[in-house]
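Trainee: Here you go, one structure.
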Amino acid sequence: MPDCIFCKIVAKQIPASIVYEDDDVLAFKDIHPAAPVHLLLIPKVHIATLSQATASQVDVLGKLLALAPKLAAEHGCAVTIDEAGVPHGGFKTLINSGPDGGQEVYHLHLHVYGGPKPWRGLAS
Ligand code: 5GP
Ligand code: ZN
């Protein structure tokens with residue numbers, strides 16, 4: 195996808211602050227962070243939106259979901275549950291899909307927001 199900015203990040207044609215990479219997925223810091231921690235997790239393969247993902251791509255979708263809490267924890271946003279069963283910490287995940295879903299970049303991406311109450315003040 196020559197005009198896709200996230201494909202260009204995957205191809206290292208434009209720079210990004212990469213925090214994780216394997217054969218299937220890439221994660222990097224959002225260029226305009228909306229929270230103290232704001233990461234974008236993407237499949238390396240170009241999938242325009244969640245609606246364009248096919249049954250054969252469920253593995254990479256699962257990898258994105260499984261990676262979110264790991265990277266959140268690495269950035270200080272783990273969810274922990276104490277001995278009394280009280281949860282602490284946390285992060286927010288978001289996938290915008292299509293124009294009505296507020297999507298601006300048409301390469302599927304999972305936002306991970308972290309920090310104190312990261313959903314406060316988020317526009318999307
Ligand atoms: P969307 O609205 O499509 O869910 O979110 C797109 C996100 O991509 C926005 O939060 C925006 O700041 C981020 N973004 C757009 N272009 C770039 C870029 O070139 N580099 C990085 N790191 N993030 C980008
Ligand atoms: Zn792409």
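So the sequence shown is numbered by the numbering used here: it starts at 195 and just counts up by one.
Ideal Cβ placement from N, Cα and C applies to all residues, glycine included.
Keep in mind that this is a model prediction, so the values were computed, not measured.
#1: Could you tell me which residues DSSP pairs with lysine 286 in its beta bridges?
#2: Compare the Cα-Cα distances from alanine 221 to each of Ala228, Pro230, Gln207 and Lys238 and report the closest residue.
#3: Please name the residue, chosen from Ala229, Leu288, Ser250 and Tyr307, that lies closest to alanine 321 on a Cα-to-Cα basis.
#4: Between which two residues does the beta strand (DSSP E) containing valine 252 stretch?
#5: According to DSSP, is lysine 223 part of a helix, a strand, or is it coil?
#6: Sorted by chain position, which residues of the same chain lie with C-beta nearer than 6 Å to histidine 303's C-beta, five sequence neighbours on each side aside?
#7: Between which two residues does the alpha helix (DSSP H) harbouring valine 204 extend?
#8: Within the present structure, is the beta-carbon of phenylalanine 222 separated from the nearest heavy atom of ligand 2 by less than 7 Å?
Mentor: The short version:
#1: Tyr307
#2: Lys238
#3: The displayed coordinates of the chain run from 195 to 318. Any statement about residue 321 would go beyond what the structure contains.
#4: Where valine 252 is concerned, there is no enclosing beta strand (DSSP E), although the alpha helix (DSSP H) it sits in stretches over 252-268.
#5: Looking at lysine 223 - three-state DSSP - the assignment turns out to be strand.
#6: Leu234 and Ile236
#7: From DSSP, the alpha helix (DSSP H) with valine 204 extends over 199-204.
#8: Result no, Cβ not under 7 Å from ligand 2.
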